[in-house]
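Below you'll find the structure, written out as structure tokens, and then a few comments.
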Amino acid sequence: MQDSPDLGDRGDAVCVVGAGASGLTALKNLRELGFAVDCYERETSVGGAWNWRHDRSPVYAGAHLISSRPLTEFPDFPMPDTWPDYPHHSQMLEYLERYAKHFGLGEHIWYGMEVTSIVPAGEGRWDVTIKSTGGGTSRVQRYAAVVIANGHNWAPVTPEIPGDFAGQVIHASAYKEPSRLRNRRVLVIGGGNTGCDIAVEAAQHATRVWHSTRRGYWHFPKYLGNRPADQVYHRRAPAWLRDRRLRRTAADLTRWGVAAPDHAPLESHPIVNGLLPHYLGHGRIEAVPDVTRYDGASVELADGRRIEPELVITATGYRPRFDFVAPEVLDIDADGRPDLHLHAFARKHPTLAVVGLVQPNAGLLPLAHWQSVAVARWLRLRATAPEKAAEVQKEESQRPLASWSRRKVVPTQRHWFEVDHVEYLKAVESLLHRMESSK
7 MQDSPDLGDR
17 GDAVCVVGAG
27 ASGLTALKNL
37 RELGFAVDCY
47 ERETSVGGAW
57 NWRHDRSPVY
67 AGAHLISSRP
77 LTEFPDFPMP
87 DTWPDYPHHS
97 QMLEYLERYA
107 KHFGLGEHIW
117 YGMEVTSIVP
127 AGEGRWDVTI
137 KSTGGGTSRV
147 QRYAAVVIAN
157 GHNWAPVTPE
167 IPGDFAGQVI
177 HASAYKEPSR
187 LRNRRVLVIG
197 GGNTGCDIAV
207 EAAQHATRVW
217 HSTRRGYWHF
227 PKYLGNRPAD
237 QVYHRRAPAW
247 LRDRRLRRTA
257 ADLTRWGVAA
267 PDHAPLESHP
277 IVNGLLPHYL
287 GHGRIEAVPD
297 VTRYDGASVE
307 LADGRRIEPE
317 LVITATGYRP
327 RFDFVAPEVL
337 DIDADGRPDL
347 HLHAFARKHP
357 TLAVVGLVQP
367 NAGLLPLAHW
377 QSVAVARWLR
387 LRATAPEKAA
397 EVQKEESQRP
407 LASWSRRKVV
417 PTQRHWFEVD
427 HVEYLKAVES
437 LLHRMESSK
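Here this note's numbering is used: the first residue of the sequence shown is 7, the next is one more, and so on.
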């Protein structure tokens, strides 16, 4: 490929896209292994989805973690012991800001710079086009490798509901604080953690709350006794024992009209909310089935009933988007789902990886950390011992999907990247051992 005259060749440097939690740990671990790194962040500061100051952040005022502190923090940078078991979102942002400062990451981040194109340039190198979000001309930089960490909770999925609604409809990403709910009739659509959390918040402020779900899920408390529940659930144990443990502690919401789950506990993403049964039991939330149609001031439900909310909040998730790269580079299918080894390594491009594209049943940050450690060590092995790297890549390509990705899950987009926290870490650990023994 012929170089353009305005191309900036960054030699052996690595490009990281995004300075959220996953981008920060990728930057830090690449730097620790000696790589020069340029990190491009379209916003004006770090934090990604956790930075509530940014327009694309899905965080709302009352949001807290649903995974406990020890299972959320980076393994090499613990959260303060004085923090609560389930920190507030503002503490999560503070934590990421501290992380960036502690490891001196800021000097390697270009803020207000958006990546608009990533194109293979031959011999494993990449031409990355970047442009200031404030305007101006684009420029192209050539890198030895690229790590994409642009997050997957910023492009809302809006349900296609026929008809017209006379009230207001917003996606959960646009919901920020409870004054929007006060003294209004509110319908929340979506049975995931966000939908349940917003329904609970609405129960405390709205005059009436309906919670619409298409199917039943397993609902778990945040505490078992006085201990965070995830610290009990994630003890090392065979799948059958964890399944029994989960069934024993799950809340049965069917008496309030919530559909029973039609799958095993380990086959869907867990719903962690100890207050949903409380407000269902107190009549502050009314469970209703799927919405089939809007009709003026009314909303028609699957069982034929009609309700008249003033505000509809669709907590219907997000779609991963990689608009800056051709679909075939990440083996993205017609539905928008990329095919990556360990949900991280591009199968056809050894110098391209994605960090943070997993949906674990506990905190994401430990997984993103070890993913990025694996990416950094892989790139170093490829540079120093290419023949050994080729052997590792051949061995890894034969690893069964079931060894690192949950294959038996509810068949929805929400579960595309579902992994078991412990089993996934074991798979990454195995890869790290293979690379270590191949040196």
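Note that CB positions come from ideal geometry on N, CA and C, so glycine has one too.
If the criterion is Cβ atoms closer than 7 Å, does the pair residue i and residue j meet it?
| i | j | result |
| --- | --- | --- |
| G342 | R420 | no |
| R75 | D61 | no |
| P81 | T320 | no |
| Y300 | K182 | no |
| C45 | V152 | no |
| R290 | A209 | yes |
| A353 | V398 | Contrary to the premise, residue 353 reads as Arg rather than Ala in this sequence. Cβ atoms of R353 and V398: not closer than 7 Å. |
| A350 | A359 | yes |
| I72 | V238 | no |
| S218 | I195 | yes |
| T200 | Y117 | no |
| V428 | H240 | yes |
| F423 | Q377 | no |
| H269 | T31 | no |
| L271 | D236 | Checking the sequence, you will find Pro at residue 271 rather than Leu. Taking 7 Å as the Cβ cut-off, P271 and D236 do not qualify as a contacting pair. |
| N367 | P234 | no |
| R220 | D296 | yes |
Classify residue i: buried if its beta carbon has 16 or more other beta carbons within 10 angstroms, exposed otherwise.
| i | result |
| --- | --- |
| W132 | buried |
| S443 | exposed |
| M7 | Residue placement at M7 is flagged as unreliable, the pLDDT there being 44, under the threshold of 50; the coordinate-derived value follows with that caveat. Under this definition M7 is an exposed residue. |
| T78 | buried |
| T143 | exposed |
| P11 | In this prediction, P11 has a pLDDT of 48, which is less than 50 and means its spatial position is unreliable; what the coordinates show is noted afterwards. Per the 10 Å Cβ criterion, exposed. |
| G197 | buried |
| E207 | buried |
| L407 | exposed |
| W410 | buried |
| G369 | buried |
| T4 | One cannot answer for residue 4 here, as it falls past the ends of the chain, which runs 7 to 445. |
| L187 | buried |
| S63 | buried |
| Q404 | exposed |
| R254 | exposed |
| D426 | buried |
| A433 | buried |
| A308 | exposed |
| H108 | exposed |
| R412 | buried |
| P86 | exposed |
| R311 | exposed |
| H288 | exposed |
| A106 | buried |
| P417 | exposed |
| A69 | buried |
Residue i and residue j look like a contact to me (Cβ under 8 Å); what is the Cβ gap, rounded to whole Å?
| i | j | result |
| --- | --- | --- |
| T58 | H95 | Looking at the sequence provided, one finds Trp at residue 58 rather than Thr. W58 to H95, Cβ: 6 Å. Contact. |
| H158 | L385 | Wrong, their Cβ atoms sit about 23 Å apart, outside the cutoff. |
| V192 | A212 | 4 Å |
| N35 | V379 | 5 Å |
| K414 | E273 | 6 Å |
| R48 | A161 | Their Cβ separation, rounded to whole angstroms, is 13 Å, which puts R48 and A161 out of contact at 8 Å. |
| R383 | L438 | 7 Å |
| V294 | W216 | 5 Å |
| L317 | Q174 | 5 Å |
| A180 | P227 | Actually they do not touch by this definition, with Cβ atoms about 29 Å apart. |
| H347 | E402 | 6 Å |
| L23 | I154 | It is worth fixing the name first, because residue 23 is Val in this sequence and not Leu. Right, the Cβ-Cβ distance comes to about 5 Å (below 8 Å), so this counts as a contact. |
| L336 | F328 | 6 Å |
| L252 | L286 | Contact doesn't hold; Cβ gap of about 20 Å is too wide. |
Under 7 Å, Cβ to Cβ, is there at least one residue of chain B near residue i?
| i | result |
| --- | --- |
| A257 | The question asks about chain B, but that chain is absent: this structure has only one protein chain. |
Segments assigned beta strand (DSSP E), at least 3 residues, entirely inside the region 186-274: Entirely contained in the region 186-274, the beta strand (DSSP E) runs reaching 3 residues are, in chain order, 191-195 and 214-218.
Does the region 294-313 come close enough to the region 105-122 that 3 or more CB-CB pairs lie under 8 Å? Contact fails between the region 105-122 and the region 294-313, because fewer than three Cβ pairs, one in each stretch, are under 8 Å apart.
Inspect the CB distances between the region 16-25 and the region 134-154 and report whether three or more fall short of 8 Å. Touching, yes.
Ignoring anything shorter than 4 residues, give me the alpha helix (DSSP H) runs that lie fully in the region 365-434, in order along the chain. Entirely contained in the region 365-434, the alpha helix (DSSP H) runs reaching 4 residues are, in chain order, 371-390 and 392-403.
What are the complete alpha helix (DSSP H) segments, minimum 4 residues, inside the region 95-145? As for any alpha helix (DSSP H) of minimum length 4 sitting wholly inside the region 95-145, the runs are 95-108, ordered along the chain.
Does the region 41-54 come into contact with the region 18-27, if we say contact requires no fewer than three beta-carbon pairs (one atom in each stretch) closer than 8 Å? Contact between the region 41-54 and the region 18-27 is present, because at least three Cβ pairs lie under 8 Å.
Is the number of C-beta pairs between the region 273-291 and the region 245-265 that are closer than 8 Å three or more? Flag = yes, the region 273-291 and the region 245-265 touch.
I'd like the ranges of any alpha helix (DSSP H) spanning at least 4 consecutive residues and lying wholly in the region 271-347. Qualifying alpha helix (DSSP H) stretches, in chain order: 282-287.
What residue ranges within the region 21-57 form continuous alpha helix (DSSP H) runs of no fewer than 4 residues, ordered along the chain? 27-38, all fully within the region 21-57.
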